[in-house]
Structures are given as C-alpha cells and as structure tokens.
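Heads up, the thing below is written out as structure tokens.
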Amino acid sequence: MTYLGKPKFHHPSIAVNELGYTRRDYEGSMSTLCAGCGHDAISAAIIHACFELSLLPHRIAKLSGIGCSSKTPTYMLGQSHGFNSVHGRMPSVLTGANLANRDLIYLGVSGDGDTASIGLGQFAHAMRRGVNMVYIVENNGVYGLTKGQFSATADRGSKSKKGAGALDQPIDLVGMAIGLGASFVARSFSGDKAQLVPLIKAAFEHKGAAFIDVISPCVTFNNHAGSTKSFDYVREHNIAVNALDVIMGREPIEVDYAEGGSQAVTMHDGSTVVLRKLDANHDCRDRSAALATLERARIAGEIATGLIYIEDEANELHGVLGTADRPLNELSERELCPGSKALAVINASLR
Amino acid sequence: MTYLGKPKFHHPSIAVNELGYTRRDYEGSMSTLCAGCGHDAISAAIIHACFELSLLPHRIAKLSGIGCSSKTPTYMLGQSHGFNSVHGRMPSVLTGANLANRDLIYLGVSGDGDTASIGLGQFAHAMRRGVNMVYIVENNGVYGLTKGQFSATADRGSKSKKGAGALDQPIDLVGMAIGLGASFVARSFSGDKAQLVPLIKAAFEHKGAAFIDVISPCVTFNNHAGSTKSFDYVREHNIAVNALDVIMGREPIEVDYAEGGSQAVTMHDGSTVVLRKLDANHDCRDRSAALATLERARIAGEIATGLIYIEDEANELHGVLGTADRPLNELSERELCPGSKALAVINASLR
Amino acid sequence: MPIAAVNDFVIRFANVNGSGSASANLLFARSILRMGVPIGPRNIFPSNIQGLPTWYEVRVSEAGFLGARGGADILVAMNPQTFVQDLAAIEPGGYLFYDSTRPIAHLLTRDDIVVLGMPLTEICTKEYSDSRQRQLYKNIVYVGALAALLDIELSVIETLLRERFKGKDKLITANLHALKIGCDEAQSRFQCPLSVRVQRSDAAGERILVEGNFAAGLGAVYGGATVCAWYPITPSTSLAESFESNCARYRVDAATGKKNYAIVQAEDEIAAIGVAVGAGWNGARAFTATSGPGISLMQEFFGLAYFAEVPVVVFDVQRGGPSTGMPTRTQQSDLLAAAFASHGDTTHVLLIPDGPGETFEFGASAFDFAERLQTLVFVMLDLDIGMNAHLTAPFRWDDARAYDRGKVLSGEELETAREFGRYNDVDGDGIPYRTLPGTHPTRGAYFTRGTSRDRFARYTEESGPYVDNMERLLRKFETARRLLPRPVLKAAAKPTRVGVIHYGSTAQAMDEAQALLAREGLHVDTLRIRAFPLALEIAEFVREHEQVFVVEQNRDAQMRTLMTTDLELAPAQLTSILHFGGMPITARFIVGEIAGRLRRPASAQTLERVS
Amino acid sequence: MPIAAVNDFVIRFANVNGSGSASANLLFARSILRMGVPIGPRNIFPSNIQGLPTWYEVRVSEAGFLGARGGADILVAMNPQTFVQDLAAIEPGGYLFYDSTRPIAHLLTRDDIVVLGMPLTEICTKEYSDSRQRQLYKNIVYVGALAALLDIELSVIETLLRERFKGKDKLITANLHALKIGCDEAQSRFQCPLSVRVQRSDAAGERILVEGNFAAGLGAVYGGATVCAWYPITPSTSLAESFESNCARYRVDAATGKKNYAIVQAEDEIAAIGVAVGAGWNGARAFTATSGPGISLMQEFFGLAYFAEVPVVVFDVQRGGPSTGMPTRTQQSDLLAAAFASHGDTTHVLLIPDGPGETFEFGASAFDFAERLQTLVFVMLDLDIGMNAHLTAPFRWDDARAYDRGKVLSGEELETAREFGRYNDVDGDGIPYRTLPGTHPTRGAYFTRGTSRDRFARYTEESGPYVDNMERLLRKFETARRLLPRPVLKAAAKPTRVGVIHYGSTAQAMDEAQALLAREGLHVDTLRIRAFPLALEIAEFVREHEQVFVVEQNRDAQMRTLMTTDLELAPAQLTSILHFGGMPITARFIVGEIAGRLRRPASAQTLERVS
Ligand SMILES: Cc1ncc(C[n+]2csc(CCOP(=O)(O)OP(=O)(O)O)c2C)c(N)n1
Ligand SMILES: Cc1ncc(C[n+]2csc(CCOP(=O)(O)OP(=O)(O)O)c2C)c(N)n1
Ligand code: SF4
Ligand code: SF4
Ligand SMILES: [Mg+2]
Ligand SMILES: [Mg+2]
C-alpha cells in the first residue's frame, strides 16, 4: 500500500470537504517524476477536483497504461484501488472494470503515446461505446519514459531536443473523440489550473465517456524552443473558447452568471455547469460547430482549449447494454445459476 | 500460381490497351465469394481501371488483411505478387513492402472489420505517414467471413439479419482519413461502376496515401431491410458530390469539360483529373469544406460519395524520409557495407 | 460382396456449402438417434460462405464408438465438383447414392461398390416450380430415400419435423411431402432396405447430442460468468453465441428486463482480453473465447494476468495452425502457446476437456479455479469438440454447489485484519489475499501493476522481493497441480507394460483403439490428461509402464514437451504418435501406429528429427 | 586490514539519476582502460528519468575477468538516500569515499572498512556560484580525487577530456580545473595512493569498449539491413538508435544526400514487425528491435513469418519479465517465447551472442541466415550485453564477404525455369525458391498467405498438401541446425566428468567461474550454446559428461526445456543453475552453486519443483 509511505496527520485548521475529508485524503505517494513535470500539476488538479466534489476516495478506481503519465495514479488518491495495466490498453481494462461494477467512479489516465500511438484503436472504440469514465490524456508530444521520441500528437515540423523534426500528420485526439461519439470533450493545459480543475469536475459529473486532452509539457525532453508542447509555446498559443464553473446540485446558480454569453448545462446528477462563452462562434452543444472551431484554430495555428463539446443526455454503455442496476460483481449463485431444473429441460431439447 | 487454374486465350478481336494487354491479363483466379457479393464488383472495377491505365500487371503488388474482402486480391491481377497477411495489419505490411521497393504500385484491399475494427490503429498511422498506395476498404458494415456480426462502420440502429441493432457510434473512415492527413480521399458504391472506376484510376494516378471507402453490400448477411448497407438503402441514400474523368497525360483535355462548375487537377505524372461539381458547396481541395460536406450529409442522413478531398502536391513517405531513388531492395554490398576501413576508425574511437 | 452391417456404419454426404443441406443432414442424423442408435456426426466445411464443397459424415455405432473412423460405407454424392474424390472414399462393398439426372457412367470407375442412382434434380424439377424450393427440398427428398434404404422409421423423422417447424403447418406438410416422394422413389427403384441399415435400439440411452461450444457457453452461464468480451473467429464464435443465447434465456430479470450479464463484441482480441482482465480484477467472473490467432494477440495480457494475478478464463477452440492456417480444421497445437504464454518466466493453468460433457463441467469450474488460484485459466477445446455435435451423458448440476470465489477480503475482514499485503503468502499455499475496489474506505486499497512489487504491492526493482514473489508463484502452481482435475485411467483387461497417454478430443478414437488393439491381443492401459500443471499420477503412470505412447493432434509433440519439462520425464520414455492433418484422429490411425511401433524400438520415430 | 590490490578491484559509484554523474563515471572508467588495464563497467539504473538512485560499477581486472563480481572494494557514496545499503555492500577491508560536508558519523556503523571523507559539496560551493555548475563539477572533482587515490595518471584523463570537448577549450580548462581541485584535495587529506590502485599495463591490448546495442546496430548496417521499423522500449531503444546514427554516418549518398536506408518509428510493436515482414517479403533486409512486451505483441506476425516463410530479423534485448516486469534489469527469460513463438506448431531460429563482439557478427550474419532459410531469425541479447559497455576484441570485417541472399529467382532464371513452385522443395534441404514482386512480366508471381497452401502456393484445405508442407518445414529446420553457429567448447585443464552448459551474457562469469573452480581443484568443461535449433554437438557433450550443469539467467530453466525437446535429452542429465534476480550473474554465484551441487545428487534441486 504505497501511499502508507507518507504520514497523514490532520491539523485542526486544515480545510475539510462535505465528507470531512482533507485534501491529504485524496493524495497518493510521493511523485517520482522530474521536478516541474506537467503531469504533477495535472495530478494536483485531479486531487483538487475530487476533494471539491467530495468524492469518496475508495469509490474511485484509477486505471492507466504505461508511461510517466500512466505512473501518476500512484501519486494521487491513495485510498483508491489502482491498475497500472499495459501500454495503450487502459481503455479496454477500464471498460471491463466498469462492466463489473457500474457503481464506482472510473478515472483513466494515459499519455499521448499510450493513447494516440499504440492505444489509438482502444481509445477510439472505448469512446464509441460511451464507457462512463473520465479519460485524461497527459499530452506532451513525446514518449517521456523512453527518453523523448516523438509521439503521434507531435505537430509536424516541431523540433525534438536533438533537433529532429516531426514528420507525420499529428493526431488531434479532441477532434477524433468528438467524431467517435464521446459525449464530453475538452482540452486544457497543465499550466492553467483555473481552467483545468472545473473541467475535471464537470467531467466527473458527466455521465458517459468524458475525454480531456491536457497539454502537459515534458520539462526534460520537450520543453525547448522549437517544440509546440513547451510551456512557453502553449501559453502563447492557447485560446480558451469558454470558461466554466461547476455548481453542485444543492447550491443556487448565481444570477450574474446566467447573463450574457453564458449557458447553463444541467448534469445527470442535478449539478450544473455554467459556461461563459469566450469565442462567440463556438457552440459546445453542436457537434458540427465544435468541429468547425477546431478547424479554425488549426488553420490559425492556435490551440483551442476549454469545453469543446458536450452532449447533455448521452447514453452510456450500461444503458446501451441494459445491464442490471446492481453491480455484476455482487450477484450470487441465486441470480446467476439457472440450476438443475433448467438443465433438465435443456438436456431434453438435445435428444 | 493460383491464376494458372484459368485458361487464357487471346481472341484476335478482343480489345487491348497501350501495352497490348487484354482485360484477361488483369484478371485473377475464379472468385469463391457469394454470388452477387459487392466485393466482386469492386474487383471488376479495379481490373477495369488497371486495364485502362495500362499498368504493368507485374509491377503492381496487391496486399490485404483477412476477410472476404481481403480474399479478393486472389481474384484479380494474376500476374501480380499478392500478400494476404494477417487480420487488420495490411497497412503495416504494405508500408514495409513500399519501403523496400518504391518503384512498384501498391494496392491495399481491406474490409470494414479489417480496417475499422481490429485495424483502426494501423489504418490511421499509415494515413498519417502518407504511404504511396491505393487503399480500398470494401465496406459492408459486417464481418462477412465470420457470418455477419456488426463491424465498427455499422450505423447505430441499423438492424442485423437476426434483428439485433447496432449499438455503438459508427466510424466514418472517410472523415477520419481526411483528419489523419490522407491526400486523396473518396467514397463510392460497388453498385456504381461509372463512379467507381474513374475514382480508382485517379487514386492510382495520385502520389501519396489514396483512400477509397467503397460501400459493398454483403448479400448474404447484410442486404436486408433495416440494414443501411444494403443495395437498396445505398442506392437511395447516396449523393455524389462530384463526378470525375481521368485523362491520361498524352490526351488533350476536352474543352467542354473545363467549363462551368468543373475543375481540372493535374496529377504528379502529368495526367489530369477533371472534376464536375455536383454539390456546389463542396470543394474537394479544401479540408475544412470537405469535413463540412461530410457533416452536412451525416445530419441529412445521406451518404456523400465521389472525390471528397484531394491535396494536389502532397508529399509521400519516401519524400519525407529522403530515401534513395533506387529501390532499397536492389542495393548491394557496395552501397550498403561501409567496409573494413570504416570499421578500423570505429574501433579506434572505442578505446 | 456388399457390406452388411446393422447399426454400425459410416455414411458421408458430399454437398455444396450454402445449399441448405446442413439442416437436412442433421434431420437424418437425429432420426437415427431417436431410434435409440448412437451416432457421431461431423462437419467438414471450407473457410468460405457459399459455393464450395462441404461434407457431412455420420458414424452409426451400436457399440458407441463415435470417433471419426475414416472411409465411408455409404456415400451420398450431391456435389459433382468432388465426385471423383468422393467415389474413392467408399469402402469396398460400400454404396454410392447419387443424383442420376445427368449421366455420369464414365465416372463410375469402381466395380467393387454398389451404385444407387436416383434422378433427384429431375424429380424436384417436376415437383417444384420455384428454383429455391427445388434446391431445398432436394435435400429432404434424399433424406426420404435414405430412410427407405436404411430402414429409418418415417414416423421418427415426421416427429422431428413437427418439433422443428412447430406452429408452421405449411412447412411441415411440405417437408413431409418431399420426404414421402424420396421414400417412394427409393422403394420403387431399389430393393429396400440395404444390407447396411438401422435398427431400433436402446444403446443411446439418455445421452444428449450437443456441440462443445454450446456446452462451454452454457457452462459459463452455470459457472456464474457475468462479463464476456470476444472477437469473432472460427471456430470459437459459436461459443460466445451460446453464452449470449443462454444468458438471454436465463439471465434476464423477468420483472425489469435488465440483464445479469454484459457481453461486449470487442474491436479485436487484445481489447477482448483487456476487458476480461479488467472485469476479473474488479471481481466479476469474466472470460473471452478465441482461437489460435487470438491466442497470439493476447499474449501480453496473458503475462499481465499471470504476474498481476488476475482471475480470468480463456476458451481456446483450437484450429489448424500456424498463422491463419486451416481455420475450419481441427488440431491440438496451441498447448505451448497457452501453457508458456507471454515473455518472461510464465506458466498458465490449462483445462483440457475430452468432449461437450466435460466442457460443460470445466466451462463452469474454470471460474472457480481462476478465482481460487487468482490467475488465468485456459480451457482448451478444439474444432472437433467445439463445432461438432457429440453424444454425451446429460449435463448435471448440483443445486447445492456454491461458487468458490477464492481469497477475497470483505469490508468486515479488512476491519479486523491485522495487516493486508496483497502479495503476502499468509497460508503457505502461494495464494495471497486480494481486495476489490470500493470495499473499504481506508483499508485494502492497493496498486495493481505488471511491474515487480513487494509483498505489500509497493513498486520495487530490488532482486530480493522480486525473487521472493517469483518463487511464491511457483508455490502457487504447485497448489494448482494438486487442485486441478486428475487424469483418467482406463486399465486394460489384462495387465500390460504398454501405456498410452492422450488428451482432449483424442479420447473417442483412443477408447475405440484400446478395444481394437485388445482384439488383436495388444493390451494397453490408457491415461487421459485433463489439466496442466500435470498431475504427479502421470509421472507414476510412465514409471509403471515399460513403453509409453503419447498420442497428440499436433506436429511437434507439444504435450510431450510439457511432460518432460513439468514432470522431469525422459523423452526416450515417451513415444510420440502424431496426427496433424486437420481431420479428427481415428482409431484406425492409432491402432496402425501403435501396432506398428510395438515391433520397433520405442523412440525411433522421434529420434529421426534430430539425426 | 585494508584490501591491497593492484589492477584487481571493484569500485562502485552510488549516484542520483539525472545528476550528470554518468559522463564523469565513464571518464573515470575509460581513464583506467587508457592505462591499458581491462575494465568491466556496469550501470544499475531505475525505470525513471530523474531523481532516483542509480549505481555505476567498474570491475578492474588485469586477469581480464570482467563479469559482474558482487561486492565493492571501493564505494563512492554520492547518494544519501542509499547510504546505508551502499555501506553494507563494501567488502571487509574496503574503502568508503563519501561527501563529508554534512556530518554522518552516526551512520558509519562499520569498523572493518576504511572511511575517506571529503567535503565535496562544501568545496564546490566555495568554488562555483551557479548551482548547476556545482552539481556537474562535483562529479569531476571526485574523479580527480579518485585519480589521486588510485594512482590514475591525470594526463590520461586530460587527454580524454580534450578528445571529448574538442574545440570547446573553455569546457576543457573548466574540467581540468575541477579535476585538479579534487586531486589536490585528496593529496592533502589522504595518504595517496591507496593499497588498492591502478598500474599501467598492456593487458587490455587492442580491445575496444562498446555496448551490445551499438554493436548490433552497426552489425545490421554491415549486414546490409535497409529497413528498420521499431517502437521505443527499454532496453532495446539504443539498438535502433545505433542503426540510425551509423546509417546517417555511412549510408547517406554524398552526392544526393539521399538515404540508402529507411527507418520507421512505428506506432507500436505490431506495426513495427508488420513493416519488417512486408519489407522482407519484398526483398529488403529488414529488422525490428524490441524487448519482452514487444515479443508478446509480435507473436501473430512471428507465426506468419514462419508459415509464409518471410525472411526477417528480430533483435530481442531481454529484460526482467514477466509482463512489464523489471524494465531496467537483465534476464534470459524470453527463450521459450521466441523459440516457440505464436500459436500452432512453430519453431524459430535463435542466435545467442555472448557480448558485443559476437553481437556485431550475428547482427550482420542474422540477415544471411534469414534470407538463406527464408524465415524469422531472433538475435537474443539481454540488457547486460545491450546497455553495458564491454571490453571486446576489435570488430573485424572481411571486405571480400558477400551477402547470402538465399534462393531468389532472377528474371533470367524465371525465363529458363521449367516450372516454379514457391513451396516446392527442389533441393531436398527444405528450402524452396522464392521470387520478388516485379521481377518478371508473366512468370513467378504467386500469392503469399498465412493459410495452408500447396507446393505451388495454391490455397488448399486438404490434409495431404498441408502435412507435406509442415514436414518440409521440419526439414528446413534440420538444415538450419547444420547451418547455424556451432557451440563453443572450453575444455578443462584436466580431463573431467563434469560439464557446464551456458549461453549469452553468462559467458564472462562462466569463464571466471571455470578458472576459480579449477583453483579449488574442481575441473569443468564448458560449452556455450550460440544458436537454436540446437547443434548435435550439444547432445554429444551431455553424453560425454557424467554430470552436466545448465546455467541460465531465468527462473524456469528455459534452455533446459529447449534441450530436452529439441535434442531428446533426459532432464535428469541436466542440473539447472538458475539466477534470475535481474542483476547480471556472477562467477561467485556459479562457483558456489556448482561446488555445492558436486556434493549433492545431480537433479535434486530441479526435482523439488514437482515433488
Ligand atoms: C508494449 C510496450 N511497448 C513499449 C513500452 C515502452 N514504453 C514505456 S512508456 C512508453 C511511451 C510513453 O509515452 P506516453 O504515453 O506519451 O507517456 P509519457 O511518458 O510521455 O508521459 C513506451 C514506448 C512498453 N512499456 N510496453
Ligand atoms: C486475429 C484474427 N482475429 C479474427 C479472425 C477471424 N476473422 C476472419 S475475417 C474477420 C472479419 C472480416 O470482416 P471484414 O474485414 O469486414 O471483411 P468482410 O468479410 O466483411 O469482407 C474475422 C473477425 C482472424 N482471421 N484473425
Ligand atoms: S521525462 Fe518528461 S514526462 Fe517523464 S517525468 Fe520527466 S518531465 Fe515528466
Ligand atoms: S459473406 Fe458477404 S461479404 Fe462474404 S462473400 Fe458472401 S456476400 Fe460477400
Ligand atoms: Mg507523452
Ligand atoms: Mg465487412
């Protein structure tokens, strides 16, 4: 139980959430990533979001593939079960876990190599199925753990630390996720906590496949001039299409929000996401408009961030399959085994 | 040499092409597909296109994965080497073959299961690399060879022969190919030879990754009412965005074509593709417009066919890599082996 | 001199696939079974959907020897494409029944067989206007003719038709009509019945006729499997379909209409096993079904399941390999790919049923073994077991039987537990305790990974904890060795120094071979292996016999490699008898090989390979 | 009593990864080599990029025993995190050199070692203002100190620095300055040199210091590989990088700047092997490089290459398994996964080099074997060979050497050929002739597939042609057995009944062990296996010895399984000595095991597993 390595004492003055949990209760073991790695900032944002949403830590299951990014589940949510599976296959493992127990909250953490290179197929098909999860890609354009080769999200022409240029057409996971039927699709930046935390909270509130592409600079291998995934480059080129606030079901929606270019989206559990439009042309509830926004940004050489697309009443895998409300892993012989009488009938039909 | 099974006699009156070859010389062994299978019509179209383009049969390499569709290379181009590889992996095998000998013409034949299900990752990455090839998906929405299960291109809600409905978001390979950087992207219908043959010819003339999604009804498992890949359904719902003619380099471009809503695209080898616009809003040389066309069709419940997108002076893999003009498989010790002198220098540097 | 045989013959139908002959042939076969006579039907079909040759063979055996036999006593030649080769398959003194509409006298080159020509096409053309009908009913017409020729009771066939088309009276009358036409035509043309015929019996008894894939899917339902993820591949597809249809029948909540199961047709085999592993990790009984190519693709996940100790079941319906190989032929050639699956030091549990009966049993118990041992369990079927119907004892289930969920700690147990170490061998059997996500707010959470870790699931790169963990896994597999189904011994009538080891679908042919050899005065004890890691009884059996044959349906003697590796047996003690052409092994073949070998030095054949 | 040793000791550096110590340590090691003294450096690093413990070890041995030894005579403790465990690794009488800036007297629990404290941090803080400089030059300072302590000639280090920073004079002076500081500090504080020291020698001779991955990449360049497709994975990444850098140096056309090679960083391992197979099919010499997880993922394509008979080379740089296992540790545990790769009956050719020298040779000849045998050839390295630098004889290449492209028919040959059957065994060696696409307008075209086919590459599902083809493949592998590199025998000084079989990176430790055992009067003959299928000499070696040990760096005695399966050897004849903790095997370990075993019954240890 890796997280035990760290002492946990509750200082009386420390802030607690509705459950009486402190931030500490959402933390994991010490990170072994490089100092300054974008991934650590994302872990912090996830911890922050879970704390603010007052999620029960042990009701969250965190799954990942292989990579520096995929290591991060160890560094958060120490009270949650985690599964660091194999490279590029988190989506299928998460799908199976989800089928076994629909009552838990599923967090999938992956990298751009893990998702866009080896894992592209599984990513695509998990989105198509509408698996109820929060799927976060910590996107740095390189394979960090294997020392900085380009991944499939590296922009054509961007330069590697050794000076080599990326040759192939980059994959835009956000555009792909929308095309594949994901019902909550966002992009953000590890350096922009103000934008990232609400997005993660909204994603947790969303029922269905929620995907967030978080650009997360690799300070060791891809944070130099000539890289399009460096802190500086992303700061300069990212344009937020909207800003959002998540308002828990109980809280009233403050009026001034509801005014002007803002829309309120009610999530399945009654909470509300209030969106303030920053790009007038963008409508995150219209798939075609969302795709058009991405095209505009691409042509302008900008990085569109924020909530790019959301489908309010999306169906998720269990709904599609019509599985029982009780978790499958709780069913016993009584619900599962047809018994000897039924077998006698079957035998009779086979003569 | 399977094609030997079939006697080949040249009747004096039979039409021959510039090379003096007859259609027969482009045929393969007898098809073992179901009578009426759309795939056989596509094979015929490919044979027709190769014949009219006067391609040297033995300079074509035909590769495929596994499936009824992937069997078809056996039924065409008997003088060409063929490789029926493994399920979903034709793109990588073709890429390797192409790297070994850039002088041959590469034809990849696949199915929707082969490409959109198990092969999605390889399909995507081959497109990103701009492998110089003609990649044809014979798309029937099902796994024919395994008796009719839905594939990833089956439209949500469309009914299987046994009455089950397709549950997941369908994959539009055309939209995906454009997003992934394919430089020639078209969609057609096995039942529309007039449209299909010119598209295949243009694809062969194109330098770079040329992708054609050909809807090809499975008469045995997916040609019933309720299917969106049946002959009837596709006939009713397909809307051609343009019509094209391929004019070989030598021939003059007839004037009447060049008029009105038509554009002439010059291919890398000097031949010309003349496009007659049928959808005024569609511009196949503008990626954003092409994607918009697909969105419009999707919303209207139509199937957009024709040349959807073309990038005139696209670069292909060898250009990107800067490989030698001579095929790599022809190089000998002289070009390949640095020899003992170089080795002495290396040894010295290692002490 | 025509063959004379009652309730003991082989009849083979040569058809074209997609022509609707399958159901007619099955009707024919079941009618014999309904007369109480044991049958062993087999399909020999192409990897193709329509238009290619396909054969259906029925072994009729009062004595209950239902394995493939080879040769045909009666050949029903409905496919001109294969006429010549079919003709050659007929035993001397056998019968040829063919469609004599088109004259083919020139092809009838054999004078040692009896030829029964009947103008089926002509008859049907007269009778039916619609071409599809002509096609379909032609099959029923020949069934009628065969009923007359073989003395099969029409009433029995009629009952079968009524059961099958229940409620569709039109179809029933139409079929009965066609049946009668065939019967009458035969009566009028030939001297019925033939010297080869069927006679009522009670030899079949209570036994059922069922395919292994159906049994496996049903077994998984009874075994409590709730998550199935699969990708279509011959010959395993019908296994997943069986699970689906039986779930639809027994697992849907009557009140809510909700499903107590989840089935995902994955995008490929890697995703299929990934889903199963994820579900197994999260406490559901999960499985996938596949065949050779899928086994190759799933290797990485197999290694993860072994090392991370996740319970999951994989049904491998073996077909002809290597590579795409022969998708519609049978083989036992995935043993090594399964037993040692994945890179690094790995071993996996294999269950090897001999037919549908045991497949049902293992299909259920595999989940107990997987959860008890916290590992991957393979159930190794093959195409012959999976896709052919076999006569077997009725399925049985003890309603008192409870699932063995293995060592899973509940919330209460975690409360009281002194300490929890996911990979801590508390009981000395190599099996640690596990917890499921969501069980307890503050205890029992751990991180599952494919990398090395210590007893408390903490990541480590140190040799000590790594070796400690790898050696515990060896202990766990010793526990498995003791836990798994024992081998089945069939002793010879007389004491003998010759033993034969076999497994899986070879059983039917082996039992017959044992009897045939005994007739020749060659007595052999047989031992049927049912699981890997191998039971120690197997080593004893080898020690107790001077000469031991190992009969396998693969080229490379894969079980023999498992025996020498896992039981430290000397190859020289084990003479391989290998049959790997893709058709089910026959008693004739085994008898020939063993009888021959008993006069040659034991390991001669196998030594050839290295000399 | 401090250890006294000249040119015979082990020094170990404990550092933090990402702190720039690597280059300083290499500088130190190479300076000893430049003095003519043989060295064996080793990295022990974490699967992490920055901030975790990492060790660098240099074995110095005039006698040329350069395998890992175990223990440290001198420990350079630069990482407080691991101080305690590092302290424990010091041999009695050994030296501890540490940064005494912060007092750690309380940790110095051992009284049987000599402690050399030097306030490195303090010194550098005084000397340098910039923190990064302090960090970097601290490493050079301790190199200077060690030079004084171990009597390493400063001039040698200076030369190395001048070579390395050629043209960057500023850097040179800065480094020399730091070096001098360390040297002077040491001189002033300690009595230099120590009783453990270096002395000029010519023992190293002409040998070069090189990593196996560099050698493999270079070998592939010399062997004429033109297509490389790979996916990054430790520890194979630097192999592909070596091919790339050496191609950039020797394969770019001076005139056009065009490349006589193509490298694709694929999206995953399945694509990587797919590209290699496609290129091999089309006549290019193609390869991929990977490690365990990649080997698992590539299984399906391995089966295709075997059955469709496509020449292709796979470098497997083995790491600790199973699953993700221990990515930065060494093991020989992929033998079974490679030799029997994929479902169905398959076997593959393995080449097993013992170090960089042979890796260069095999890295080139693997392509000859692949094209001659028209099959997949594995070159089995491991992390120790691949990522550690080893002292080895200079690379040699005979300019007269021509590539063996195997049986490929040219257009002319096709013109005159009577008939062409792709899978026709014309020569009786099991190797058929192949043609390349585009060769001839009307002859030689055929269809390659993973399904069964006849001698003329026509699809078939019949047993006859299938068996015929599968048996030809067995013949082909007998040809391989004769063609591949022979095992290497090292006879004992005195005749002995004890033999030891080993392979790969075990060689260094084994050679030393053989010498050490001889000193104890225990003489053993050793035989090093270099290829699979196994040479018959190996069986002879076993027969000629009463007791045979098989030394492996895996848990499951995988080579022993290959030996019993492929050579029909009895397991009882082969006593396993297994080392699988992930650190390179040592002579000490082997000696201990063998000396111990020679007093116990041969197969005791291995029998435990089944009893
Ligand atoms: C099957 C397999 N192939 C390759 C590897 C080696 N590997 C480990 S992490 C990684 C890439 C990680 O890149 P990404 O997902 O972007 O994560 P990052 O380290 O950049 O956060 C690779 C190739 C592996 N572990 N498994
Ligand atoms: C690895 C692997 N998995 C599964 C199969 C079984 N299989 C053969 S063809 C096929 C699907 C073919 O579908 P598609 O590509 O759409 O071709 P179609 O038959 O519809 O033309 C499958 C699943 C296989 N041959 N290999
Ligand atoms: S290598 Fe890059 S991605 Fe990995 S931890 Fe370091 S900074 Fe983060
Ligand atoms: S099954 Fe479908 S796809 Fe296959 S051959 Fe028949 S019609 Fe064509
Ligand atoms: Mg990354
Ligand atoms: Mg299809």
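Residue numbers (this note's numbering), protein chains in the order written: chain A, 165 to 515; chain B, 165 to 515; chain C, 781 to 1391; chain D, 781 to 1391.
The beta-carbon is built from N, C-alpha and C at its ideal position, and this holds for glycine as well.
1) Between the C-alpha atoms of C:V786 and C:M1290, what's the straight-line distance to the nearest angstrom?
2) For ligand 5, is there a heavy atom less than 7 Å away from the beta-carbon of B:N402?
3) If you drop the 5 nearest sequence neighbours on each side, which residues of the same chain put their C-beta closer than 7 Å to that of C:G1072?
4) Buried or exposed for D:A1180, please, with buried defined as at least 16 other CB atoms from any protein chain shown within 10 angstroms of its CB.
5) Taking B:M340 as the query, report the chain A residues whose CB atoms sit under 8 Å from its CB, ordered along the chain.
6) Does D:S909 pass the burial test, meaning 16 or more other C-beta atoms within 10 Å, or should it be called exposed?
7) Could you name the residues of the region 973-1003 of chain D whose beta carbon sits closer than 9 Å to any beta carbon of chain B, in the order they occur along the chain?
8) If we define contact as Cβ-Cβ less than 8 Å, is D:M1167 a contact residue for chain C?
9) Shorter than 7 Å, the distance from the beta carbon of B:G283 to the closest heavy atom of ligand 8, or not?
10) Could you give the uninterrupted runs of the beta strand (DSSP E) lying entirely in the region 1252-1286 of chain C, keeping only those of 3 residues or more?
11) Below 7 Å CB to CB, which residues in the same chain sit around D:A1087 once its five sequence neighbours on both sides are set aside?
12) Closest to B:D189 by C-alpha separation, out of B:L241, B:I178 and B:D204, would be which residue?
13) Nearer than 7 Å: is that true of the beta carbon of C:D788 relative to any heavy atom of ligand 6?
14) Check for me: the alpha helix (DSSP H) holding C:M1167 runs from which residue to which?
15) Considering just the uninterrupted stretch of the alpha helix (DSSP H) at C:F1082, what are its terminal residues?
16) Span of the alpha helix (DSSP H) holding D:M1339?
17) Provide the residue(s) that pair with C:I824 in DSSP beta bridges, ordered along the chain.
18) Taking Cβ-Cβ distances shorter than 7 Å, what residues in chain D pair up with B:D489?
19) Using beta carbons (cut-off 8 Å, strictly below), is A:S504 in contact with chain D?
20) Measure the alpha-carbon distance for D:P1293 versus D:T1017 and round it to whole angstroms.
21) Going by C-alpha distance, which of A:S228, A:R320, A:V484 and A:V180 is nearest A:E216?
22) Inspect the beta-carbon positions of C:V838 and C:I791 and report whether they are closer than 8 Å.
23) Determine which residues of the region 177-206 of chain A have a Cβ less than 7 Å from any Cβ of chain B, and write them out in chain order.
24) Which residues in the same chain have their Cβ closer than 8 Å to the Cβ of B:A422, if we skip the five residues on either side of it in sequence?
25) Relative to the alpha-carbon of A:I300, which residue among A:A346, A:G321 and A:K323 has its alpha-carbon at the smallest distance?
26) Out of D:H1359, D:A1237 and D:L929, state which residue places its alpha-carbon closest to the alpha-carbon of D:H1282.
27) Taking Cβ-Cβ distances shorter than 7 Å, what residues in chain B pair up with D:P1174?
According to the data block:
1) 23 Å
2) no
3) Q1098, R1099, G1101, G1105 and D1114
4) exposed
5) M340 and G343
6) exposed
7) A984, E986, R987, I988, L989, V990, F994, L998, V1001, Y1002 and G1003
8) no
9) Absent from the structure shown: ligand 8. Ligands present: ligand 1, ligand 2, ligand 3, ligand 4, ligand 5 and ligand 6.
10) 1268-1270 and 1278-1283
11) In the sequence on display, residue 1087 of chain D carries Phe and not Ala. Taken in chain order, the residues that qualify are G1230.
12) B:L241
13) no
14) L1163 to M1167
15) Q1079 to A1088
16) Q1338 to L1347
17) C:W835
18) K1038
19) no
20) Before going further, note that residue 1293 of chain D is Ala rather than Pro in the sequence given. If I take the Cα positions, the gap works out to 32 Å.
21) A:V180
22) yes
23) none
24) Low confidence applies here, because B:A422 scores a pLDDT of 44, under 50, leaving its location unreliable and the question unanswered by this model.
25) A:A346
26) D:H1359
27) N511
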